Amino acid sequence: MIMAPIHLGFIGLSSQGWAAGTLAVPLFKPALTSKYSVVAVTTSNPDSAAESAKKYSELGSTTTGKDIKVKSYHGATGAEEISADPDVDMVAMSIKTMLHRDAALKVIEAGKDLFLEWPAGKSAKETEELYEAAKKKGIKTVVGTQFCQALFARKVKSLVDAGKIGRILSSTLFISFTSPFGKYTLPVYTYVLDDSNGAGLIDIGGGHALEMLQHVLGPITSLTATTLNQLPKAILLDPKDFTPTKDRVPQTIPTQAIVSGLLQNDAAFNFHIQSGIAKNGVAFLWLIDGKEGNICVEDPSNMVSTSFDPDVYLNGEKIELEKDGDALGTVRRVWDAFADGQVGEYATLEDALRNRRVVDAIKESGATGKRIILQ
């Protein structure tokens, strides 16, 4: 039996930007056009909404061979209107973290399934509110934590699950970013430098990495953290050519977080995330030690992104990974897993709440110096 595609409404999908260049791209590729159909968009103003609807109407028509007409909504009422649209089965959101709660609650209240980009609210309190509302309404949710679907993470999980290195004793994960946190940022990203917005280095970069770590090794049960801000001013880049300008913007988020603690299986973990490093610095290194062996994951390109492709070593020998057919395979697999009902292969609001509590615990421990017990 051939299932009808999920009719998708998209909050925050413009004709350009991150969602247009990353999150929405796989939806218009052959692998997903039979599973999803973008039928409506909403943006902040009527011009961008009309432009977006035109683009995705044409793109949808070209890729499916059908006459696709994408509806447009805009402004303060856009989220409510797109959620109430009877032609929309599911709503995806790619908007600033500070706007997650209010928009997501409108989707949930309308009884539509929800795709929400991490971090699913600017605090664990907001994430919990969304989780409880979705649970009460009985809708399905998926949270975009694409690291878990990266080929290297899938391989590491399969090695661990197969017992290739025995019982896990410890994990050390080191990850660095050059921007938009730290030394440089773009005008569109200045909001992530304000700690009150819940979209900083620890929230976004740290949250994605920690969800992957826990997906592979199990939940974090306790932690102690040191956090600090070594770069209270960030250099604004010119968006036209990405060259540094003379402008500086305040940065109140931590630019370093050093975390240690325990996983559910009593394995020790260390996690260090930083920003503002030189471009030739180490971007990603993950060491996992077990009673019977070890795994090392390192990225020779020194560039962490949605499509980065680090090397995986088992007991010192490089493991050959399958190759992605496209640069956005991690994003595509999340969409695929949800459409195919592969529960456990994508994060839900329940997973996001667990992970958001870890992120908030890092912030709390960094501020107070106290050890935080999570479970």
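Positions 15 to 389 (my numbering) are the ones given, in order, by the sequence shown. Beta carbons: idealized from backbone N, C-alpha and C, even for Gly. Since the model is a prediction, treat every value here as computed from it, not as a measurement.
Item                                                                                                                                                                                         : Value
Between the Cα of Ser185 and those of Ser97, Val311, Arg262, Val263, spot the shortest distance and give me the residue it belongs to.                                                       : Val311
Assuming the contact rule is C-beta atoms closer than 8 angstroms, Gly135 and Leu128 should be a hit. Round their C-beta distance to whole Å, please.                                        : About 12 angstroms separates the two Cβ atoms, so there is no contact after all.
Quick check: what's the CA-CA separation for Leu3 versus Gln288?                                                                                                                             : Outside the modelled stretch of the chain, which goes from 15 to 389, sits residue 3, for which no answer is possible.
Can you confirm whether the region 220-235 touches the region 170-185 when touching is taken to mean that 3 or more C-beta pairs between the two stretches lie within less than 8 angstroms? : yes
Apart from the five residues just before and just after Glu359, which ones in its own chain have a Cβ nearer than 7 angstroms to its Cβ?                                                     : Ala351
Just the C-alpha distance for Ala34 and Val348, rounded to the nearest angstrom, thanks.                                                                                                     : 16 angstroms
What did DSSP end up calling Ser190 once you bin it into helix, strand or coil?                                                                                                              : strand
Going by DSSP in three states, Cys360 sits in which element: helix, strand or coil?                                                                                                          : In the sequence as presented, Cys is not what sits at residue 360; that position holds Tyr. It is coil, neither helix nor strand.
With a 10 Å radius around its C-beta and 16 neighbouring C-beta atoms as the bar for buried, classify Met17 as buried or exposed.                                                            : exposed
Which ranges does the beta strand (DSSP E) cover as unbroken runs of at least 3 residues, wholly within the region 286-336, from first to last along the chain?                              : 298-304, 308-312, 325-328, 331-333
By how many angstroms is the C-alpha of Val121 removed from the C-alpha of Val84?                                                                                                            : 18 angstroms
Do Asp313 and Asp323 have their CB atoms nearer than 9 angstroms?                                                                                                                            : yes
Just curious, the alpha helix (DSSP H) that Lys83 is in, first and last residue?                                                                                                             : Premise fails: Lys83 is in no alpha helix (DSSP H) and is neither H nor E.
Please identify the residue among Trp300, Ile309, Gln244 whose C-alpha is closest to the C-alpha of Ile267.                                                                                  : Gln244
Between Lys337 and chain C, is there a C-beta pair that is closer than 9 angstroms?                                                                                                          : Included in the structure is just one protein chain, with no chain C present.
By Cβ distance below 8 angstroms, which residues in the same chain neighbour Ala138 in space, the five residues on each side in sequence not counted?                                        : Leu367, Arg370, Arg371, Val373, Asp374
Would the region 158-166 and the region 253-268 be scored as touching if the rule is three or more Cβ pairs under 8 angstroms?                                                               : no
How many Å lie between Ser210 and Thr269 at the Cα?                                                                                                                                          : 15 angstroms
Just tell me which of Val170, Gly23, Ser274 has its CA closest to the CA of Phe336.                                                                                                          : Per the sequence presented here, residue 336 reads as Glu, with Phe not at that position. With distances taken between Cα atoms, Glu336 lies closest to Val170.
Flag this pair as yes or no: are the beta carbons of Thr56 and Ile82 separated by less than 9 angstroms?                                                                                     : no
Which of the three DSSP states is assigned to Asp261 in this structure?                                                                                                                      : strand
Please say whether Ser66 and Ser28 have beta carbons closer to each other than 9 angstroms?                                                                                                  : yes
Under the DSSP definition of a beta bridge, which residues are partnered with Ala106?                                                                                                        : Phe24, Phe129
Quick test of the definition: if touching needs 3 or more C-beta pairs under 8 angstroms, does the region 184-203 touch the region 273-288?                                                  : yes
For the putative contact between Thr9 and Gly92, defined by C-beta atoms under 8 angstroms, what is the C-beta separation to the nearest angstrom?                                           : Because residue 9 is not part of the residues shown, which for the chain are 15 to 389, the question remains open.
What separation, rounded to the nearest whole angstrom, lies between the Cα atoms of Pro253 and Gly219?                                                                                      : 21 angstroms
Taking 9 angstroms as the cut-off, decide whether the C-beta atoms of Lys43 and Arg346 are in contact.                                                                                       : yes
Which partner residues of Gly158 appear in the DSSP bridge assignment?                                                                                                                       : Glu131
Would you mind working out which of Tyr70, Ser62, Ile249 sits nearest Pro40, comparing C-alpha positions?                                                                                    : Tyr70
Can you list, in chain order, the residues of its chain whose CB lies under 7 angstroms from that of Pro19, leaving out five sequence neighbours each side?                                  : Ser48, Lys49, Tyr50, Ser51
Tell me where the alpha helix (DSSP H) around Tyr145 begins and ends.                                                                                                                        : 138-151
Hey, how far is the Cα of Pro100 from the Cα of Met226?                                                                                                                                      : 35 angstroms
Mind checking which residues open and close the alpha helix (DSSP H) that includes Lys247?                                                                                                   : First-last for Lys247: 247-251, but that is the beta strand (DSSP E), not the alpha helix (DSSP H).
Can you pull the DSSP bridge partners for Ala239?                                                                                                                                            : Val273
Please classify Asp255 as buried or exposed, where buried requires at least 16 other C-beta atoms within 10 Å of its C-beta.                                                                 : exposed
Would you identify the three-state DSSP class for Thr91, choosing helix, strand or coil?                                                                                                     : helix
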